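Working notes, structure below.
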DNA sequence: TTGTAAGCGTTATCAG
DNA sequence: CTGATAACGCTTACAA
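Chains as they are written, first to last, in UniProt numbering: chain A, 1 to 360; chain B, 1 to 360.
Next up, the structure:
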């Protein structure tokens with residue numbers, strides 16, 4: 001834990017000025033002899049460049065922050081897994097913020113951008129308030145939002161298409177002959193909750209199925225609450241032959257309930273989750289799930305941010321990642337998983353990736 | 001993205017010196033009138049203190065790094081979930097490094113401590129080489145290791161007790177009447193792999209069971225490889241009545257294989273995993289697993305590091321977190337999970353937490 | 001109580 | 001090609 005050497009130490013040792021040391025260390029044109037002396041001194045002293053001093057001067061920290069609601073949620077985890085290597089490859093470190101979806105905490109993160117400890121921020125808020133929008137507009141560092149923002153918001157933005165995602169799931173269930181498709185959702189005041197509620201209604205309509213509030217229940221995006229909501233729904237409407245769940249955790253809760261009720265999945269009730277997290281492949285029966293491309297969204301966000309860091313003036317871009325239905329046993333039965341061996345599995349239905357707006 | 005105001009801007013605006021601004025901002029004794037002027041100016045300008053400049057001067061970044069093998073592994077995830085809030089509460093940010101368990105990358109992280117972009121590091125290496133030990137000894141910032149290091153290594157250190165953990169599992173299986181208990185392990189050149197192999201042998205011996213290499217197979221710590229290894233083991237020795245797996249992912253792979261082979265769990269073969277990750281509760285049948293206290297280890301590591309940052313001179317400490325057997329359906333059958341509703345479940349067997357060495 | 005000035009470790013400008 | 005020297009934005013003696 002000894003006090004580290006600085007370019008001053010090296011300069012003394014090599015008998016040159018600190019300017020020369022800096023030049024050598026940055027690969028600027030220098031006489032061979034000087035280069036040699038400096039490098040030798042640096043080596044002997046075990047010199048490592050001080051990132052803080054460098055940042056102060058260069059106004060670049062080579063750090064990027066990612067703010068998510070909860071690192072425990074596999075969706076964000078999938079994002080981090082993609083964001084990390086992209087940033088690392090570009091020479092950036094990742095600073096993690098877990099906000100528990102508390103608006104004040106998210107605003108705080110946005111505000112702290114003024115401290116200049118990062119060059120940019122990727123944020124994935126569950127709710128987008130006016131305060132968010134105001135802070136984003138005046139942020140002191142570039143921001144990329146994962147999630148939908150109001151049209152016209154000037155910010156780089158990566159979206160899922162849960163509308164299409166829900167439709168894929170409903171269509172799949174319809175084609176399997178299901179006609180009484182219940183819906184277990186998360187809070188309606190969240191962006192995904194609202195979007196999925198609307199999408200469920202639309203998808204039913206498209207198929208000519210009636211909307212019946214009896215078979216719709218709102219809970220929250222975690223397992224215990226998903227179980228509670230599913231139970232309430234089943235008690236009220238025992239006749240459902242399928243459950244569309246607004247995320248995988250809710251779906252796992254639903255599976256718990258169905259199992260406890262002695263109902264067979266998918267024979268009696270088919271179940272579809274959303275997000276296609278690791279848990280979907282791990283559960284039994286394995287869970288058919290709509291992937292909203294968490295991994296792709298993470299990757300896209302990181303890339304948008306890197307582009308932005310290289311060009312602060314281009315138009316903000318919106319990238320929409322296409323959903324994909326991953327069919328597993330909870331709708332298709334054992335047939336869907338015969339011979340499965342690896343981490344992931346299931347037949348998938350793809351929708352091409354779309355991108356719109358901004359610089360080409 | 002306007003250039004932010006500095007204390008100079010404030011000083012001008014308030015008509016005082018930058019020293020006074022700094023004093024006010026740091027709550028040092030100042031005349032009321034000055035305080036008022038400075039705060040007013042700061043407020044109007046939307047001033048936010050530059051963390052980089054402050055760090056350069058104070059030699060504190062208020063950042064801590066956590067280096068793990070793979071953020072995708074639920075074990076590390078459980079650690080991050082605990083580390084994050086502890087650090088946050090103490091005013092530190094978390095910088096994440098994912099090393100893929102590549103030694104060179106880990107050494108690199110240790111080396112980069114010299115850049116002084118963090119005040120300390122928590123690292124959880126799968127393998128501990130001499131190079132690790134050398135770098136740890138000369139590290140330019142305090143380091144806490146999660147995982148076992150050789151006796152006498154002077155470093156704050158949080159350990160799991162996989163020895164006792166494996167014994168808990170074997171004892172449990174033995175008490176269920178299992179006598180032919182196979183073992184599916186990860187690489188023997190990793191710290192946990194080696195420890196668990198030794199522990200398995202010991203536990204069998206304690207129970208008077210013979211060690212039979214026919215029913216031991218080495219693979220790797222992920223699902224597909226766990227499945228491969230379990231299949232090899234079962235092909236060779238169809239008579240096993242239990243499988244002890246070196247982690248949960250391996251156990252999930254084993255479950256896949258048993259299911260495909262038409263064997264009932266736990267009736268034909270009981271299965272125990274290790275780490276008690278979220279996946280253990282999600283799988284079906286739910287997985288009995290030995291918790292090695294990932295969450296507790298993460299928390300302990302964060303606390304050790306904070307203590308160290310507050311007192312650089314005290315003796316290094318070693319904290320050992322006690323294992324805990326979480327019994328679920330894969331050994332105890334449906335009975336174990338009746339009425340289960342929440343995220344976690346299962347009867348648990350506790351071993352008191354131990355701590356040894358260093359300052360009290 | 002306040003201002004001046006000296007750093008913290010770099011990078012970068014500008015004469016020599 | 002190299003050496004002084006001035007920033008970067010902040011904290012902190014030391015004087016006034």
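C-beta atoms are modelled at their ideal positions from N, C-alpha and C, and glycine is treated no differently.
Please read these numbers as outputs of a predicted model, since none were measured by experiment.
Are the CB atoms of residue i and residue j nearer to each other than 8 Å?
{"i": "residue 289 (chain B)", "j": "residue 280 (chain B)", "result": "yes"}
{"i": "residue 167 (chain B)", "j": "residue 199 (chain B)", "result": "yes"}
{"i": "residue 63 (chain B)", "j": "residue 21 (chain B)", "result": "no"}
{"i": "residue 257 (chain A)", "j": "residue 223 (chain A)", "result": "no"}
{"i": "residue 216 (chain B)", "j": "residue 240 (chain B)", "result": "no"}
{"i": "residue 326 (chain A)", "j": "residue 243 (chain A)", "result": "no"}
{"i": "residue 83 (chain A)", "j": "residue 122 (chain A)", "result": "yes"}
{"i": "residue 286 (chain A)", "j": "residue 255 (chain A)", "result": "no"}
{"i": "residue 160 (chain A)", "j": "residue 126 (chain A)", "result": "no"}
{"i": "residue 60 (chain A)", "j": "residue 316 (chain A)", "result": "no"}
{"i": "residue 107 (chain A)", "j": "residue 131 (chain A)", "result": "yes"}
{"i": "residue 41 (chain A)", "j": "residue 18 (chain A)", "result": "no"}
{"i": "residue 214 (chain B)", "j": "residue 236 (chain B)", "result": "yes"}
{"i": "residue 13 (chain B)", "j": "residue 45 (chain B)", "result": "yes"}
Relative to the C-alpha of residue i, which residue among the options is closest?
{"i": "residue 332 (chain B)", "options": "B:181, B:78, B:17, B:173", "result": "B:173"}
{"i": "residue 144 (chain A)", "options": "A:110, A:73, A:231", "result": "A:110"}
{"i": "residue 115 (chain B)", "options": "A:7, A:252, A:285", "result": "A:7"}
{"i": "residue 301 (chain B)", "options": "B:247, B:65, B:152", "result": "B:65"}
{"i": "residue 248 (chain A)", "options": "A:276, A:229, A:257, A:241", "result": "A:276"}
{"i": "residue 162 (chain B)", "options": "B:142, B:135, B:194, B:137", "result": "B:194"}
{"i": "residue 221 (chain A)", "options": "A:328, A:215, A:251", "result": "A:251"}
{"i": "residue 321 (chain A)", "options": "A:142, A:48, A:104, A:291", "result": "A:291"}
{"i": "residue 219 (chain A)", "options": "A:187, A:210, A:209", "result": "A:187"}
{"i": "residue 303 (chain B)", "options": "B:45, B:202, B:92", "result": "B:92"}
{"i": "residue 407 (chain B)", "options": "B:100, B:299, B:38", "result": "There is simply no residue 407 (chain B) to check, as chain B begins at 1 and stops at 360 in what is shown."}
{"i": "residue 70 (chain B)", "options": "A:78, A:260, A:67, A:226", "result": "A:78"}
{"i": "residue 365 (chain B)", "options": "B:212, B:211, B:260", "result": "Outside the displayed span of chain B (1 to 360) sits residue 365 (chain B), for which this structure offers no information."}
{"i": "residue 86 (chain B)", "options": "B:323, B:307, B:254", "result": "B:307"}
{"i": "residue 207 (chain B)", "options": "B:176, B:190, B:233, B:191", "result": "B:176"}
{"i": "residue 192 (chain A)", "options": "A:213, A:142, A:164, A:246", "result": "A:246"}
{"i": "residue 271 (chain A)", "options": "A:328, A:310, A:204", "result": "A:328"}
{"i": "residue 74 (chain A)", "options": "A:189, A:214, A:278, A:37", "result": "A:278"}
{"i": "residue 253 (chain A)", "options": "A:237, A:226, A:235", "result": "A:226"}
{"i": "residue 103 (chain A)", "options": "A:80, A:148, A:68", "result": "A:68"}
{"i": "residue 371 (chain B)", "options": "B:212, B:334, B:296, B:309", "result": "For residue 371 (chain B) there is no data in the structure shown, the boundaries of chain B being 1 and 360."}
Shorter than 8 Å from the beta carbon of residue i to some beta carbon of chain A?
{"i": "residue 154 (chain B)", "result": "no"}
{"i": "residue 333 (chain B)", "result": "no"}
{"i": "residue 262 (chain B)", "result": "no"}
{"i": "residue 290 (chain B)", "result": "no"}
{"i": "residue 82 (chain B)", "result": "no"}
{"i": "residue 114 (chain B)", "result": "yes"}
{"i": "residue 117 (chain B)", "result": "yes"}
{"i": "residue 294 (chain B)", "result": "no"}
{"i": "residue 71 (chain B)", "result": "yes"}
{"i": "residue 98 (chain B)", "result": "yes"}
{"i": "residue 121 (chain B)", "result": "no"}
{"i": "residue 4 (chain B)", "result": "yes"}
{"i": "residue 415 (chain B)", "result": "Outside the displayed range of chain B (1 to 360) lies residue 415 (chain B), so it cannot be described from this structure."}
{"i": "residue 283 (chain B)", "result": "yes"}
{"i": "residue 157 (chain B)", "result": "no"}
I'd like to know if residue i contacts chain B, where contact means its C-beta is closer than 8 Å to some C-beta of that chain.
{"i": "residue 44 (chain A)", "result": "no"}
{"i": "residue 126 (chain A)", "result": "no"}
{"i": "residue 278 (chain A)", "result": "yes"}
{"i": "residue 110 (chain A)", "result": "no"}
{"i": "residue 17 (chain A)", "result": "no"}
{"i": "residue 219 (chain A)", "result": "no"}
{"i": "residue 12 (chain A)", "result": "no"}
{"i": "residue 9 (chain A)", "result": "no"}
Checklist line | Residue ranges of each alpha helix (DSSP H) within the region 197-243 of chain B, 4 or longer | finding: Along the region 197-243 of chain B, the alpha helix (DSSP H) occurs as fully enclosed runs of 4 or more residues at 223-236, listed in sequence order.
Next item on the list: Would you check if the region 95-102 of chain B and the region 92-103 of chain A touch, i.e. whether three or more CB-CB distances between them fall below 8 Å?
Entry: A contact between stretches requires three or more CB pairs, one per stretch, nearer than 8 Å, and the region 92-103 of chain A meets this requirement with the region 95-102 of chain B.
Margin query: Ignoring anything shorter than 3 residues, give me the beta strand (DSSP E) runs that lie fully in the region 102-141 of chain A, in order along the chain.
Written below: Every beta strand (DSSP E) of 3 residues or more that sits fully in the region 102-141 of chain A is shown, in chain order, as 120-123.
Note to self: For a minimum of 4 consecutive residues, which ranges assigned as the alpha helix (DSSP H) are wholly contained in the region 66-108 of chain B?
What the structure shows: Counting whole runs of 4 or more residues, the region 66-108 of chain B contains the alpha helix (DSSP H) stretches 74-89.
Next item on the list: Could you tell me which uninterrupted alpha helix (DSSP H) segments, each at least 4 residues in length, are contained entirely in the region 282-314 of chain A, listed from first to last along the chain?
Entry: Runs found: 294-310.
Note to self: Quick check on the DSSP output: what are the complete beta strand (DSSP E) runs of length 3 or more inside the UniProt domain "HTH lacI-type" (5-58) of chain A, in order along the chain?
What the structure shows: Here no run is fully enclosed.
Checklist line | Runs of alpha helix (DSSP H) lying entirely within the region 137-193 of chain B, each at least 4 residues, in chain order | finding: You should have 162-175.
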